[in-house]
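Residue numbers (my numbering): 914 to 1395.
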Ligand code: GDG
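Here's what the structure looks like:
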């Protein structure tokens, strides 16, 4: 197998296996934040991508798709349950999102997590060229950086954390907090969405290992493993950069779609099919308890109840794409959301108009952009979110500079999209007022805010993001060893 200069390691391959009409298996580029972010970069460089194909017990040889060399990792049915649904999505995801849902700590999940991380690390170590670069992604693979370093000390290793990193008071609950930090510190550059996340990580490292940091650089001491409880017995042996690299979108793709006549026609059709309300409000998320979907529905329902909004004048479109459907907390959330939608619609729908148009589907990107174009107000009300790319996508598509983004201060994108209408989604009254401010916002103010936000998103796109991360890795290549 030819070795690649750059190897991306992520839980999922950037493609889904689908069976077409003739019964043949085919590959289709899959939706999702990470895929949207990395696909354009991988097509440009001589790159390989190590990941799981999304189905259990599938043994596949490496293959090429859309100009990317793909190295599939096999996961058994049991490993999907323990490593992916268990440790990743029922322990780490809720813990790192500030325990919005209670994390479950199970030793069998941890065992599987270590085993699967090792499999990814071995595949990456085999796929990377001498002195090449390995770029590991996200919370499912936090042990991989140190494992790759051990197998291949010649390569430069980056890790990007797509979700928040919690304060030590919460992180310290994790029974394996020490091993996970050790795993991450195997990287030369550790990227986070916000400076607050990077700060939480550096503080955790300080608390657990007593390593010092200077600015964003952590001075890792190699003897720590031999004398874990002794205070700084040795000189620093490695420098690890831990700082924020806020991720973005391929903005030009969204602008081009928004300019297409057929997409614009579809947006007009969507408006008409909703009965041409004055205001269309939109929420688009994976159906996940971090996204604040219930809080948003509650605020909207109360505005209808109080007569501040009325059906016919305002419609809320809620796209909640199916996600992690076998994890209990997600099944429960779906029930709660569907109960709330049913109640609000039952109380306020008329024969001509609906209060909430709820869609539990996944859509093609064109349809997503048509929805963004049809929406006067975009509601991003996450309780905790690493970045939230939907907010950036909405802004990119607003080519006439109209429209209002209501944005949670708990989403990473709030650090950059400062001209949004900011909300604390836990404060339902505050969110109701923010929604009314958005609905009533004069066009001139909409344009002023949207112009500023578009400038940010169009200049800090995903290419700028990957270029800055890879530049930091390149700097580390020269200066990592002392
Ligand atoms: C994680 C972090 C961070 C959604 N439904 C459909 C669809 N999507 C696309 C959106 C967007 C992406 O999926 C979702 O990205 P987000 O950033 O909003 O959220 P997560 O999935 O939670 O992503 C997050 C991200 O990683 C990147 O680092 O921002 O904080 O949690 O692109 O448009 N796309 C299509 N059909 C759908 O039905 N085509």
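Think of the CB as a built atom: it goes at the ideal place given N, C-alpha and C, for glycine as much as any other residue.
Taking the CA atoms as reference points, residue 1260 sits about 21 angstroms from residue 1344.
The C-alpha of residue 937 lies about 15 angstroms from the C-alpha of residue 973.
Set against 7 angstroms, the gap from the CB of residue 1276 to the closest heavy atom of the ligand GDG is smaller. Note on geometry: alpha-carbon atoms of residue 1105 and residue 1220 lie some 43 angstroms from one another.
The continuous alpha helix (DSSP H) containing residue 1364 extends over residues 1356-1372. The secondary-structure analysis by DSSP pairs residue 1321 across a beta bridge with 1336. With fewer than three CB-CB distances shorter than 8 angstroms, the segment 1044-1063 does not count as touching the segment 1348-1362.
Of the candidates 1057, 995, 1378, the residue whose Cα lies closest to the Cα of residue 1107 is 1378.
For residue 1350, DSSP records no beta bridge to any residue. Remark: the shortest separation between the CB of residue 955 and any heavy atom of the ligand GDG does not fall under 7 angstroms. When the Cα atoms are used, residue 1128 and residue 1389 turn out to be separated by approximately 15 angstroms. Three or more beta-carbon pairs drawn from the segment 1029-1037 and the segment 1055-1063 are found closer than 8 angstroms, and the two stretches are therefore classed as touching. Checking the 7 angstroms criterion, the Cβ of residue 1129 is out of range of every heavy atom belonging to the ligand GDG.
For residue 1007, the three-state secondary structure derived from DSSP is helix. Contact between the segment 1325-1339 and the segment 1225-1232 is not established, with fewer than three Cβ pairs separated by less than 8 angstroms.
Here DSSP, grouped into helix, strand and coil, assigns residue 1022 to helix.
If you look at residue 1060, you'll find it isn't in any beta strand (DSSP E); it sits in the alpha helix (DSSP H) that goes 1057-1064. The ligand GDG has a heavy atom closer than 7 angstroms to the beta-carbon of residue 1234. Shown here, residue 1072 sits in a strand according to DSSP, grouped into three states. Where residue 1208 is concerned, the enclosing alpha helix (DSSP H) starts and stops at 1206-1218. Take the alpha-carbon of residue 1318 and the one of residue 1351: they are about 8 angstroms apart. Assignment of residue 1085 by DSSP, reduced to helix, strand and coil, places it in the coil class. For residue 1093, the enclosing alpha helix (DSSP H) starts and ends at 1090-1097. Taken in chain order, the complete beta strand (DSSP E) segments of 3 residues or longer contained in the segment 955-1002 are 960-965, 976-978, 981-986. When only Cα atoms are considered, residue 1099 and residue 1124 end up about 14 angstroms apart. Note on geometry: alpha-carbon atoms of residue 1279 and residue 1179 lie some 9 angstroms from one another. Its Cα nearest to that of residue 1216, the residue 1257 stands out among 915, 1257, 1310, 1383. Taken through DSSP and simplified to helix, strand or coil, residue 1054 comes out as helix. With contacts defined by Cβ atoms closer than 8 angstroms, residue 1311 and residue 1368 do not form a contacting pair. Residue burial is scored here from C-beta neighbours: residue 1053 has at least 16 other C-beta atoms within 10 angstroms and is therefore classed as buried. Per DSSP, residue 933 lies in no alpha helix (DSSP H) segment and is marked neither H nor E. Assignment of beta-bridge partners to residue 1130 by DSSP yields 1127, 1154. From the listed residues 1089, 920, 986, the smallest Cα separation to residue 958 is found for 920.
Under DSSP, residue 1101 takes part in no beta bridge, so it has no partner.
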